[in-house]
Structures are given as structure tokens and as C-alpha cells.
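Novice: Read in UniProt numbering, the sequence shown has 146 at position 146, and its numbers run on one by one without any break. For glycine and all other residues, C-beta sits at the position ideal for the given N, C-alpha and C. Because the structure is a prediction, the values reported are computed rather than measured.
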Amino acid sequence: MLQKLKEGTQLYRLRCVKVPRSTTELSEHSWCVSETAWPTAIYMFVNSQEHLPRRKIHNTRDLPLDITLALQEGVNNINVHFIPGPAEQKNFTYAVAVEILTFTSLGTAKTLSQPLPAAESQKRICGRLARNSEDEDDELSIVSDDLKITLVDPFTARLFGVPTRGSHCEHTECFDQDTFLQTRVLKCGYRSAIEADWRCPICRRDARPQSLIVDEFLANVRKELERTGRCDGARILQIKADGTWEVKTDDDLASSDKQTPQPSRIASKRKPSTLEGGSLQRPKIDRSSSTPARVLNENQPPTVVILD
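Written out as C-alpha cells, the structure reads:
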């Protein structure tokens with residue numbers, strides 16, 4: 001049956017994921033990045049109508065089950081029964097929930113991102129530098145008074161336009177907001193876009209539109225590069241503990257690689273043994289094998305095998 005999708009349309013999906021047996025509560029951002037996994041034997045009824053799971057054997061991977069057309073106004077009854085196999089009883093169990101998908105325009109999706117103030121972003125960066133200095137080991141100390149942040153979008157390999165990442169991401173690197181959302185736009189006739197991957201392309205954490213943040217500090221860096229005409233080739237941002245920063249371009253990185261001395265070739269510790277006369281010692285060949293080699297007797301005529 002065809003479904004008309006427009007802005008504001010909602011779909012209801014029944015989904016099942018694997019969780020460790022020790023799990024007592026599953027957060028929303030952990031749920032949305034978990035892969036769908038149906039038990040071997042599961043029976044699902046929505047308002048007394050049986051629904052079959054969308055399994056990997058038919059869809060390349062287990063997919064959520066759309067139950068929108070089976071719902072009715074008022075109270076809906078969903079019954080799920082599954083019989084765990086021996087392997088499914090050991091280390092994990094299953095969690096089942098109903099997801100609500102809301103279709104929206106690209107412009108509306110962009111407005112859902114929350115801004116991260118530049119001062120707050122710089123404060124977090126300085127905090128990371130302070131933690132790195134405190135965590136230095138006495139036995140192994142790496143001297144580094146700056147933090148390097150990649151300015152390249154992982155999709156286009158160019159400088160990002162609007163620096164964006166998930167609110168649960170622990171890294172500072174960003175991807176381009178427009179490129180990320182454009183790759184997940186639902187196009188006419190492309191049903192699989194509904195199962196789009198809303199995970200961060202860098203760390204694979206929650207990156208749904210409402211979970212995205214725009215780093216205004218990196219956005220200001222982008223504006224400064226535009227003003228000075230240095231967008232082309234910008235690759236790495238070096239930030240010092242005092243908040244000052246410097247951008248490294250492709251040319252800077254190439255020149256630094258040329259100036260870096262190549263490591264000297266390390267001589268092998270094992271030297272060839274020599275005799276007193278200076279000639280190289282002939283290697284000994286161990287012929288004591290469990291399966292003796294076949295030796296051809298010179299007086300014995302060769303054997304000819306004829307293949308039909």
C-alpha cells in the first residue's frame with residue numbers, strides 16, 4: 001500500500017536491539033545508534049494482527065518494522081513474544097520499543113541544531129589541553145602545548161561550511177552540516193532513505209538533527225579564513241592553551257614533511273658469521289625431516305607416467 005509522505009508526517013516503527021544482560025536502562029542516544037537485531041524466534045501482534053520481522057536474509061540486514069497502518073485512534077495493543085535460543089541466553093538480551101519518525105524539510109532540519117557558543121567551545125578545548133598535561137606519565141612524557149583539530153569535512157575532503165557534530169561526541173572535529181543532511185534527504189522512490197544512518201561519521205554516536213550542535217568557535221575560524229582568503233588548502237587548526245590559534249595549509253604540511261629528517265637506517269644486530277680465513281660460513285642444511293626426500297638414483301632409469 002502506498003503512503004503519502006509530507007512535512008509533518010509521522011511513521012511508527014517497532015524495533016528490537018541487542019543489549020547486555022547487565023543493562024537496566026537504555027538511554028535514547030544509545031538506543032538510536034544500536035543496530036536492529038531480531039531474535040531467532042519472535043512473534044509480534046499489533047491490535048491482534050500478526051507482523052513478521054524484516055530479517056537480514058531478505059534485506060541485507062535486520063530492519064525496523066513499520067506498524068503505522070496497523071494503528072488506530074485511542075488505545076493500541078502490542079504483544080511481543082520471543083523464544084531465546086541457547087546462544088541468546090548467555091551474554092545479551094533484547095530491548096523492544098516503538099520509534100516515531102517525523103518527516104521534515106531540509107530547512108527545518110537545519111534549525112534543529114543547537115549553537116555551541118564560541119567561549120564555551122574554547123573553554124572545552126583549553127580543558128582538554130589541561131587534562132593532557134595532568135595525565136602525563138613520568139616514564140613517558142610527550143611535550144605538546146597545543147591541540148590539533150582537523151578542519152576537513154569527512155565527506156567532501158574540503159573545509160567545512162557549517163562546523164557541526166553530535167552533542168554526545170567527545171571529539172572536537174566537525175563535519176559540514178549541509179553535506180551531512182543532504183546525504184540523508186528522502187528522495188522520491190528511494191525508500192531506503194527512511195533507514196538513514198543518523199550516526200556521527202567520525203565516532204558513530206548519535207547525530208540526529210535534534211542532537212547536533214554548531215561549533216561557533218570553529219565557525220568564526222571559518223569566517224576569518226574567508227576574510228583572509230585562506231580557505232583553499234586549510235587542513236589543520238593548532239590551538240594553544242592561551243586560546244591563540246594558527247591554521248596549517250597543505251603547503252605548510254608539505255614543507256614541514258620535507259624539513260623533517262628521515263630516520264636513519266638501523267643496522268641489523270645479527271651479523272653473518274665468518275671463519276678465521278674470512279670466508280663466509282656455508283649454511284647448514286637440516287635434512288632430518290620426518291618425511292625423507294626422494295633421491296633419484298643415477299643408475300635408475302626415469303619413470304614416465306602416461307596420462308590418458
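Which first and last residues belong to the alpha helix (DSSP H) in which residue 58 is found?
Specialist: 56-59
Novice: What's the gap between the Cα of residue 12 and the Cα of residue 67?
Specialist: 6 Å
Novice: If I follow the unbroken beta strand (DSSP E) through residue 150, where does it start and stop?
Specialist: 146-150
Novice: Is it buried or exposed, residue 207, if we count other Cβ atoms within 10 angstroms and call 16 or more buried?
Specialist: buried
Novice: Can you pull the DSSP bridge partners for residue 51?
Specialist: 44
Novice: Given this structure, state the Cα-to-Cα distance separating residue 10 from residue 103, to the nearest angstrom.
Specialist: 6 Å
Novice: Counting only the same chain and skipping the five closest in sequence on each side, list residues whose C-beta sits under 7 Å from that of residue 145.
Specialist: Taking residue 145 as the centre and dropping the five residues before and after it, the same chain places the C-beta of 240, 241 closer than 7 Å to its C-beta, in chain order.
Novice: Answer with buried or exposed for residue 157, where buried requires no fewer than 16 other C-beta atoms within 10 angstroms of its C-beta.
Specialist: Residue 157 counts as exposed, since fewer than 16 other beta carbons sit within 10 angstroms of its beta carbon.
Novice: Measure the CB-CB distance between residue 62 and residue 31 and report whether it falls below 8 Å.
Specialist: no
Novice: Near residue 14, what residues of its chain come up, given a Cβ to Cβ distance below 6 Å and the 5 sequence neighbours on each side ignored?
Specialist: When the five nearest sequence neighbours on each side are left out, the beta carbons in the same chain lying within less than 6 Å of the beta carbon of residue 14 are those of 65, 67, 98, in order along the chain.
Novice: Between the alpha carbons of residue 311 and residue 151, how many angstroms are there, rounded?
Specialist: Residue 311 lies beyond the range of the chain shown here (1 to 308); nothing can be said about it.
Novice: Do you know how far the Cα of residue 16 is from the Cα of residue 176?
Specialist: 31 Å
Novice: Is residue 33 near residue 199, with beta carbons less than 8 Å apart?
Specialist: yes
Novice: Unbroken beta strand (DSSP E) runs of length 3 or more, entirely within the segment 60-119: which are they?
Specialist: Listed in chain order, the complete beta strand (DSSP E) runs (minimum 3 residues) inside the segment 60-119 are 78-83, 92-102, 114-116.
Novice: Please state whether the Cβ-Cβ distance between residue 29 and residue 171 is less than 8 Å.
Specialist: no
Novice: Give me the Cα-Cα distance between residue 76 and residue 100, rounded to the nearest whole angstrom.
Specialist: 15 Å
Novice: So, under 8 Å CB-CB, residue 230 and residue 249 are touching, yes? Tell me the CB distance rounded to an integer number of Å.
Specialist: 7 Å
Novice: Can you give the Cα-Cα distance for residue 197 and residue 25, rounded to whole angstroms?
Specialist: 23 Å
Novice: Out of curiosity, what's the CA-to-CA distance linking residue 228 and residue 18?
Specialist: 51 Å
Novice: Are residue 163 and residue 218 closer than 8 Å when you measure CB to CB?
Specialist: Taking 8 Å as the Cβ cut-off, residue 163 and residue 218 qualify as a contacting pair.
Novice: Can you name the residues that DSSP bridges to residue 166?
Specialist: 212
Novice: Could you give the C-beta distance for residue 212 and residue 161, rounded to a whole number, given that I count them as a contact under 8 Å?
Specialist: Contact flag wrong, Cβ pair sits at about 14 Å.
Novice: Taking contact to mean 3 or more Cβ pairs, one atom from each stretch, closer than 8 Å, check whether the segment 79-92 and the segment 43-51 are in contact.
Specialist: yes
Novice: Can you tell me the Cα-Cα spacing of residue 154 and residue 147, whole angstroms?
Specialist: 19 Å
Novice: How about residue 184 and residue 93: do their beta carbons lie closer than 8 Å?
Specialist: no
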